[in-house]
Amino acid sequence: MHRPRLLTSVSVCALFVLGSNELRAQQSLPSIDVGAARVVRPHKPQQAHRPSLGATHSAPTHTTAPVVATHPAPAPVAAPAPAPVADALGHTDKPFSGSYVPASVAHVGDVASVTQRQISETVNVMTSSETIQNLPSTLVRERFIGDRNATIQGRINNPQDSARTMLYADGVLLSNYLGNSYAYPPRWNMVSPVEIERVDVMQGPFSALYGGNSESGVYTITTRMPETFEFHAEGNSALQYFHWFEDKETDLSGHMSAALGDRKENFSYWVIYDRLDAQGQAQTFSQNQFTTSCGTKCLKAFGGMFAPYVGGGTAANGFPTPGGTLGNIAGSAGADHSQQHFGKVKLAYDFTPAVRATWQTGFWSLVDDTFVQPYMYTTSGVPLYGLGSGIKINDGPYGSYTLGALNPTHSNASHMMNTAEFKSDTKGFFDFDLVGTQYNFLRDYTNTYSQYGFLPTAVNAAGNVTAWNINPTGSNVNQGGNFWRTFDGRFIARPEQDLLGKHILSFGLSDWLYSLNSVQTNTNVATSNYYYDIQTINYGKTNTRSAYIQDEWKFHPDWRLTLGARGDWWTAFEGANDSLGNVTKLNRTTLALYPKAYKGAFSPKSALEWQVTPEFLLRGSIDRAYRFPTVSEMFQAISTPNTVVFNNPNLQPESMTYYDLSGEYHWRNAFDGAAEMLTPRVSFFNVDAWDYMYTQSNTVGATTFSQTININKVHFHGIEGLLTANGLGWHGLNGEFSATFTDTKMLSDKLAPWFDGNQVPRIPRIRLRGTISYSPDDKFSIGASMRFATGAFVSLANTDFSHDSYGSTDSSYLVFDAKAQYKIAPGWTATAGVNNIGNNKALVNPNPYPERTFFLGLKYDIGGPRQDVVGVSAADLSGGASDQSSTIHR
């Protein structure tokens, strides 16, 4: 099957060149100082004449009196003001500086950060989700460039647990809590990589500011508003050579973005456009198990390849296979070609230097097609995408098998987000932050073929096809009408009174509504949305209202106690679903509703912090958190040729108690100056979870079946280590390295007690991350990164030992990336890089990750911090900590 080749990124760079002169002219205009006081510059003192080396001089015949200057002594020049001291999150006394994460978060949990400079040095960025891939314990499930199902795996969740992490862009919640699976990723598409200033992650539910969805981490993207005129544009291209089974692909991707911003007195704005055109590799492969009998319809065919069919046992010819029964790989599916457009307008008005109102509107559109590639052909050369009823392929002594259907899909989506924020950052007695978000699925549908291609329906005794059929029908899953509305109000008071020490009081409330409207229909033509009957219909809503209060009490110069509490009130209502035969166009609005579900939860929080020495910090935290079921887990059931999802209206909320003990040390001029700064941190964590919600999935052929269930009790414990190093032997050589060791156990499952003692699926025992970068000057930098994880079981039974074989597996991986960038002219930066240098083959249930991929890019910047330097400073890598003191600023 021919696939489009994406070559648009080359022309993007040419457009930058054509438009650069006009934009550069605006930057080059001289500044005019009208009415300013004249600066009197001191005269340069005249230096005495110095003879040349080796010259011979005679003694002077007379002396001359020295000349005494009569000019008045110049006024002393004031020394430059010292750089403002920043805390661990980059906050200074300047309003709206540093991370969007409140300073209180750094006092209750482990926080790791990555800045825009670190990202630009070590990550080959095409999408926003890629910016966090090197953070400790973090995996971004981006299976190919432009994957809209890029979920986040944090410390204690698996790659399909999208509802156990939280993603914010400033104060805007981007997490999609309509469901909890790979199909409900955060809305990465509402943030362009060009606007990201930094990303911070808090590992766990330690702050009362965040609900139970923070169990495995809160990721906060911080953006900024322009202070002067800025223009940023960039184009990137990627090329991947992919080879798996009989697929040999050359996949091309192109990305471009442009951002225009300025500030006029109290008003500032951004206008951003982002476009991605990407071709991904095949995602699934048709596995077909051999059987002993062919029956009366035996088709002769050739092609495909032998492979173990995961499932255990022996092959039809009696030979045992360690990975399962012998089978045939008959083709590939899911090679995704996506075209994504994103536009955003962000407006801000400063009523005072520390009080700001912000409005932003983002619009994202997607046109997506997945392609299939058959490996099997009839004796006359006709490709086989599937077989008619009762027909099997005869493979001689190995037995016979049917073909799992290879079905392409087409998707189209348009989403819009509107947000409003009113925030103060006086850093005085009282501050507030009010954020409202409206996210709408204006259009979102996927069409899937029932059976694609020519289907053999009759064969003769010789095994040749005598009759063919074409099945044009298909199914349509329409999620247009899904939406959510969120409101968060946060307040902070810093009384001056000393009540046995200083107090900082945080409190707030929130109201989140998520609404599901999903309809699956059967269509006469697979590419059409006009249906002849309704297969399934799914409605429902969930609403969570919350209130919290938290007090930071610094009762001693070296001690800080944080106590907090959070109350949540959750409701699931107006839920209904039904299937083919029971629902029609006329009765779809009169379906019987599931009973309403109500749950409340109280979550206490506590943390004790001790500054043992100016360099050494200890902190212990104990927290309770509740994660409530999502509306799709409760009410949505979908069946397609490739996916079958069962709902569970009886799900119970999950409760979790989290213990964490961390130590952090700042070591300046370590090892007699061999390193300018070393910052090691070690964290021990212990987690008990009750009614743990787990989505069990199983892939049979090309179809994946899944349902969410409650497991009575599970346990996690482990160690996370992080080392940040600046100036490793040379100034400008910096690195960050992390390791996470996790042990998980299912302690009690009353529905399946034989699983007790097994590992919780999809969480690797070992995860390693590392980045290193070198920037000898402000023009050039080179960086590299590494990610490693062991394989993990994907079934509750823990019987899938072949972690690295294709199938329902989460494999091990070892990936090395590299990137270089060079400032070729004022404002112009060229980039080049390689991902997966070693061409590691890795899987995530059951999809393969990208293989070796090459990147080229060109950036053009006027104004803003991106234009200043290419290299990274030590302060950036230390999360904004000041170089003026070795004290950990908390």
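Numbering (our numbering), first residue to last: 253 to 1142.
All C-beta atoms in this analysis are idealised placements derived from N, C-alpha and C, irrespective of residue type, glycine included.
Per DSSP, the beta bridge partners of Gly-513 are Glu-482, Trp-522.
In the same chain as Thr-689, and ignoring 5 residues on each side of it, the C-beta atoms closer than 8 Å to its own belong to Val-424, Leu-425, Met-669, Asn-670, Thr-671, Trp-736, Arg-737, Thr-738, Phe-739, in chain order.
Rounded to whole angstroms, the Cβ separation of Ser-365 and Asp-452 is 5 Å, and the two are in contact under 8 Å. By the Cβ rule, the region 455-471 does not count as touching the region 396-403, because fewer than three pairs are nearer than 8 Å. Listed in chain order, the non-local C-beta contacts of Ser-641 below 8 Å within the same chain comprise Thr-709, local neighbours out to five positions each way being set aside. By the Cβ-count criterion, Asn-1091 is exposed, with fewer than 16 other Cβ atoms from all chains shown falling within 10 Å of its own Cβ.
Within the same chain, Trp-805, Lys-806, Phe-807, His-808 come within 8 Å of Gly-753 by CB-CB distance, once the 5 residues on both sides are set aside. Distances from the alpha-carbon of Leu-461 to those of Asn-712, Ala-435, Ile-801 put Ile-801 closest. Here the alpha carbons of Gly-583 and Ala-657 stand approximately 9 Å from one another. Two segments are said to touch when three or more pairs of C-beta atoms, one from each, lie closer than 8 Å; by this definition the region 1060-1079 touches the region 1092-1101. By the C-beta criterion, the region 766-773 is judged to be in contact with the region 877-891, since at least 3 inter-stretch pairs fall below 8 Å. Between Thr-1042 and the set Asp-1052, Met-945, Tyr-704, Pro-1016, the nearest pair of CA atoms involves Pro-1016. Per DSSP, Ala-922 lies in no beta strand (DSSP E); the unbroken alpha helix (DSSP H) holding it starts and ends at 922-925. A residue is called buried once 16 or more other Cβ atoms fall within 10 Å of its Cβ, and Met-557, having fewer, is exposed. Within a 10 Å sphere around the beta-carbon of Pro-649 sit fewer than 16 other beta-carbons, which makes this residue exposed. DSSP lists His-662, Asn-728 as the beta-bridge partner residues of Asn-699. A Cβ-Cβ distance of about 4 Å is found for the pair Gly-816 and Lys-857, placing them in contact under the 8 Å criterion. In this structure, DSSP gives Ala-1072 an extended state, which the three-state scheme calls strand. With a cutoff of 8 Å on beta-carbon distance, Gly-973 and Asp-995 are scored as not near each other. Looking at the DSSP output, Phe-898 bridges to Gln-959. In this structure, the CA atom of Ser-1025 is about 11 Å from the CA atom of Phe-1032.
With at least 16 other beta carbons inside 10 angstroms of its own, Glu-486 counts as buried.
Residues Trp-805, Phe-807, Leu-860 of the same chain have their beta carbon placed closer than 7 Å to that of Leu-813, with the five preceding and five following residues left out of the count. In this structure, the beta-carbon distance from Asn-795 to Thr-823 falls below 8 Å. Nearest Cα to Leu-618 within the set Met-442, Ser-652, Ser-520: Met-442. Its Cα nearest to that of Lys-1071, the residue Gln-370 stands out among Ile-756, Gln-370, Tyr-791. The shortest C-alpha to C-alpha distance from Pro-905 to any of Asn-518, Val-897, Glu-928, Arg-879 is the one to Arg-879.
In the structure shown, the three-state DSSP call for Ser-1064 is coil.
Counting only residues of its own chain and dropping the five nearest sequence neighbours on each side, Leu-757 has a CB closer than 6 Å to the CB of Ala-745, Asp-803. Taking the Cβ atoms as the reference, Ser-676 lies roughly 57 Å from Ser-702, outside the contact range of under 8 Å. Distance from the Cα of Ala-600 is smallest, within the candidate group Trp-611, Asn-900, Phe-594, Thr-1051, for Trp-611. Under DSSP, Leu-765 shares a beta bridge with Arg-737, Asn-795.
For Gly-1035, same chain residues with a beta-carbon under 6 Å away, outside a window of 5 residues either side, are Glu-373, Thr-374, Ser-1025, Lys-1071 in chain order.
Assignment of beta-bridge partners to Ser-935 by DSSP yields Ser-914, Glu-972.
A distance below 7 Å between beta-carbons, with the five flanking residues on each side excluded, links Asp-503 to the following residues of its chain, in chain order: Gln-492, Phe-494, Gln-531, Gly-532, Gln-533. In this structure the region 622-635 does not lie against the region 504-521, because fewer than three pairs of beta carbons, one per stretch, are closer than 8 Å.
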